[in-house]
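From first to last, the protein sequence lines are chains A and B. Quick note on the numbering used here: the first sequence kicks off at -16 and runs consecutively. Quick note on the numbering used here: the second sequence kicks off at 39 and runs consecutively. Backbone N, C-alpha and C fix where the C-beta goes; we use that ideal spot for every residue, glycine too.
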Amino acid sequence: MTLTAHRKGTDSGAPSEIPIRHIPERKNRVAFVILLVVCAILFLPVLWLFLTSLKSPQQLASDPITWIPTPPQVQNFIEATTALPFWAYAANSLFLSTVCGALTTISSALVGYGFARLNGRGKKVLFGILIAMMMTPPIITLIPTYLLFAKIGLVGTYWPWVLWGIAGAPYLIFLYRQFFAQLPRELEEAAILDGCGRLRIFVQIFLPLSKPVIITAFVLSFNGVWGDFIAPQLLLNQDNTTLAVAITSGYVNKAGFPVNNLLAAGAILYVIPVLIMFFFVQRSYVRGFATSGMK
Amino acid sequence: MSAHVGTQSLVGDARRRRRRGVNGGSGAFYAFISPWLIGTVLLTLFPLGYALWISFTNWDGISPSQNWIGLENYADALAEPQMWASLQRTGLLAIAIVPVTICGGLGLALLLNEKVHWRSGLRMLVYLPAIVPPVAATLTWKLLFDRDSGAINGFLAIFGADAVSWMTGNTVFIVLIVVMLWGIGAGVLINLAALQDVPAELHEAARLDGANAFAAFWHVTLPSISPVLLFQVITTTIGVLQTFVPALLLSPANGAAAITAVPEANRIFMVDVYAQYFAYSRYGYASAMLWLFFLAILVVTVITFKVSGRTVFYAVDPSEEGKKK
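This is the structure we're talking about:
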């Protein structure tokens, strides 16, 4: 029993260790119970969001409060998409997130490759600036950027997201750089001797190796734009704004008070794409962090 | 003189040629980083400079002209009790959130690093709130803390408590803290990756030396993952200091009226800045606040880096190894 597999090095490899796998692994019960409690607490708000989204106006106003709505008002989800032009806003969000996310993913990879694999005058200083940019709160530059964009007529258009996408994101550049930096030197040496250009080396050798990071970068930047409230609030107008802005002010009755059941249903519909996206790519996402994360 | 220049350029040529070897010349480097470089100049440095210029004027955002008033806005800001009050609230928010988030995130990662049932499922659940966009997270807690239909008051009512108006008065600050603590799992993935990187031999050695679990954690695990923790302390602190959207959305009003309706207790620094710009049209003053904030964050970051010695963020760089110039 003292020889069971709670030593890290022993669970893979030599055939003599195979029998060990048949002895049930000792699980840490205390850790399990604590985690279960924490997860329950963290999940309760989501549960409440669901319960609220299924209530009728009467159940919302009842005293004492209604815990479980019976029957569940599933039609709230349909009403949530008709009480405001939900799908139009969702299309705006999808468009902006996809375009900006894709551009950010590509340009951050290029820049990350440059910092990891190429040399140039002033590289150290520039890398220092990159780290400083990572630490700079985006809202500090957003407000003056908005004032400037207003002057040149970019407010109310989607161009700012294209520009932000092309410029890349410091955090993702850093992520790519860490990943590219630890790949062996031999990768490009042979290609250079063959007379391969830098761009071809990048596209044909490095990009195919970096799938997990690419996925991580796209998910992070897509979710970043999808979840952003303040940039669309400042830069877009009521017709072309995103879902994030629309749901915060769209579900109100004539007196201006929020309609909580529709608000809850709308919020759930708004979050679902983010969750689906995350859970689909969870494994490469975690791998992207593990192989190139903040180490 | 001309000979001198000649040799210099020859030396320069040789050096350039040598450097070109595997890593290419400056040209390729600049070509690859140009999107970011140009973007940074146009979309970060230029706006920052623009804000700096506004901060020296009395611009109201509407008038076509403005006067240069030097450092007056900065003097005003530093003499303004409301600025200090909002700064104090922001500091309080950081004190309430950063230690809990860092320690809690590490604790959860340590638990998830154990052999437990449903490990990947639990890991996903811990991480779930951290990926919920801030808008949805804030709305969710707003529903929970709702005076009439919220679960919190419903739960308290079971014990005969009166309904609490969480969203007005000082209690809204508690709601803000709760919203932000919900994302406690954000660091779990990074922490787990760091924990799995701690060499197993070190733990083995500690065990053979008779170290108990706590001693092993304190002397082996913690020093190995400290760079990751330091990084999180900095980013979490900066993240909390710039908090804006949750505070704005917890306001009882919607749309343009929301900013001025933010309860006093939630008037943190960025709320104040935003209100000065867009509710009170004090663009010069607000820009000065923005710059003071920027400088403060710069100073905090530099101090943290210096105090903690050499930071280990970017240890690997094959392009530089063996060619210390």
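Give the DSSP-derived three-state secondary structure of residue i in the structure shown.
{"i": "W106/B", "result": "strand"}
{"i": "T95/B", "result": "strand"}
{"i": "F261/A", "result": "helix"}
{"i": "V235/A", "result": "strand"}
{"i": "P241/A", "result": "strand"}
{"i": "V84/B", "result": "For the record, residue 84/B in the displayed sequence is Phe; it is not Val. Looking at F84/B - three-state DSSP - the assignment turns out to be helix."}
{"i": "G97/A", "result": "helix"}
{"i": "N229/B", "result": "helix"}
{"i": "P127/A", "result": "helix"}
{"i": "F110/A", "result": "helix"}
{"i": "V300/B", "result": "coil"}
{"i": "N208/B", "result": "coil"}
{"i": "Q41/A", "result": "helix"}
{"i": "D200/B", "result": "coil"}
{"i": "K153/B", "result": "coil"}
{"i": "V60/B", "result": "With a pLDDT of only 48 at V60/B, under the threshold of 50, the placement of this residue in the model should not be trusted; the figure read from the coordinates follows. In this structure, V60/B counts as helix in the three-state DSSP scheme."}
{"i": "Q221/A", "result": "coil"}
{"i": "Q56/A", "result": "coil"}
{"i": "R104/A", "result": "coil"}
{"i": "F269/B", "result": "helix"}
Any C-beta of chain A sitting closer than 7 Å to the C-beta of residue i?
{"i": "F67/B", "result": "yes"}
{"i": "K344/B", "result": "no"}
{"i": "N96/B", "result": "no"}
{"i": "S357/B", "result": "Confidence at S357/B is low in this model, with a pLDDT of 43, below 50, so the placement of that residue is unreliable and no value is reported for it."}
{"i": "A195/B", "result": "yes"}
{"i": "W106/B", "result": "no"}
{"i": "H155/B", "result": "yes"}
{"i": "V60/B", "result": "Legend: pLDDT at V60/B = 48, less than 50; position of this residue unreliable, no value from coordinates given."}
{"i": "E152/B", "result": "yes"}
{"i": "A243/B", "result": "no"}
{"i": "V12/B", "result": "Beyond the ends of chain B as shown, which are 39 and 363, falls residue 12/B; an answer cannot be given."}
{"i": "L267/B", "result": "no"}
{"i": "P102/B", "result": "no"}
Use the C-beta contact count for residue i: other C-beta atoms within 10 angstroms, 16 or more gives buried, fewer gives exposed.
{"i": "I251/A", "result": "buried"}
{"i": "N229/B", "result": "buried"}
{"i": "A152/A", "result": "buried"}
{"i": "A294/B", "result": "exposed"}
{"i": "A173/A", "result": "exposed"}
{"i": "I76/B", "result": "exposed"}
{"i": "A313/B", "result": "buried"}
{"i": "A251/B", "result": "exposed"}
{"i": "M277/A", "result": "Interpretation of M277/A is limited by its pLDDT of 43, a score under 50 that renders its predicted location unreliable; the figure taken from the coordinates is listed afterwards. Label assigned to M277/A: buried."}
{"i": "D211/A", "result": "buried"}
{"i": "G207/B", "result": "exposed"}
Please report whether the beta-carbon of residue i lies at a distance below 7 Å from any beta-carbon of chain B.
{"i": "M260/A", "result": "no"}
{"i": "P195/A", "result": "no"}
{"i": "V16/A", "result": "no"}
{"i": "S204/A", "result": "no"}
{"i": "L79/A", "result": "no"}
{"i": "G111/A", "result": "no"}
{"i": "N243/A", "result": "yes"}
{"i": "K10/A", "result": "yes"}
{"i": "T35/A", "result": "yes"}
{"i": "F212/A", "result": "yes"}
So residue i and residue j are in contact, right, with Cβ under 8 Å, and what is the actual spacing, rounded?
{"i": "T87/A", "j": "L155/A", "result": "6 Å"}
{"i": "S325/B", "j": "G99/B", "result": "10 Å between Cβ atoms; not a contact."}
{"i": "F175/B", "j": "P167/B", "result": "Checking the sequence, you will find Ala at residue 175/B rather than Phe. Rounded, the Cβ-Cβ distance is 7 Å, consistent with contact."}
{"i": "I306/B", "j": "L131/B", "result": "6 Å"}
{"i": "V309/B", "j": "A285/B", "result": "5 Å"}
{"i": "L279/A", "j": "L192/A", "result": "As shown, chain A starts at -16 and ends at 278. That puts residue 279/A outside it, with no answer to give."}
{"i": "K194/A", "j": "S267/A", "result": "7 Å"}
{"i": "N304/B", "j": "V202/B", "result": "Not quite, the Cβ-Cβ distance comes to about 16 Å (not below 8 Å), so this is no contact."}
{"i": "Y141/A", "j": "L79/A", "result": "6 Å"}
{"i": "C22/A", "j": "L163/B", "result": "4 Å"}
Answer yes or no: the CB of residue i versus the heavy atoms of the ligand FMN, is any distance below 6 Å?
{"i": "R185/B", "result": "Ligands displayed in this structure: none; no statement on the ligand FMN is therefore possible."}
Any contact between the region 96 to 103 of chain A and the region 152 to 165 of chain A? By contact I mean 3 or more CB pairs, one from each, below 8 Å. yes
Does the count of Cβ pairs from the region 180 to 190 of chain B and the region 236 to 244 of chain B closer than 8 Å reach three? no
Within the chosen definition, does the region 139 to 156 of chain B reach the region 11 to 25 of chain A through at least 3 CB pairs nearer than 8 Å? yes
Please determine if the region 105 to 117 of chain A and the region 164 to 179 of chain A are in contact, where contact requires at least 3 C-beta pairs separated by less than 8 Å. no
Would you call the region 66 to 74 of chain A and the region 121 to 133 of chain A touching, i.e. three or more CB-CB distances under 8 Å? no
Three or more C-beta pairs under 8 Å: does that hold for the region 108 to 120 of chain B against the region 253 to 270 of chain B? no
If contact is defined by three or more beta carbon pairs under 8 Å, each pair taking one atom from either stretch, is the region 218 to 234 of chain B in contact with the region 131 to 147 of chain B? Touching, yes.
Within 8 Å, do at least three Cβ pairs link the region 189 to 206 of chain B to the region 44 to 61 of chain A? yes
Pairs of beta-carbons, one from the region 220 to 232 of chain A and one from the region 71 to 78 of chain A, closer than 8 Å: are there three or more? yes
Would you call the region 248 to 263 of chain A and the region 193 to 200 of chain A touching, i.e. three or more CB-CB distances under 8 Å? No, the region 248 to 263 of chain A does not touch the region 193 to 200 of chain A.
Tell me, please, whether the region 101 to 108 of chain A touches the region 66 to 76 of chain B by the rule of three or more beta-carbon pairs shorter than 8 Å. yes
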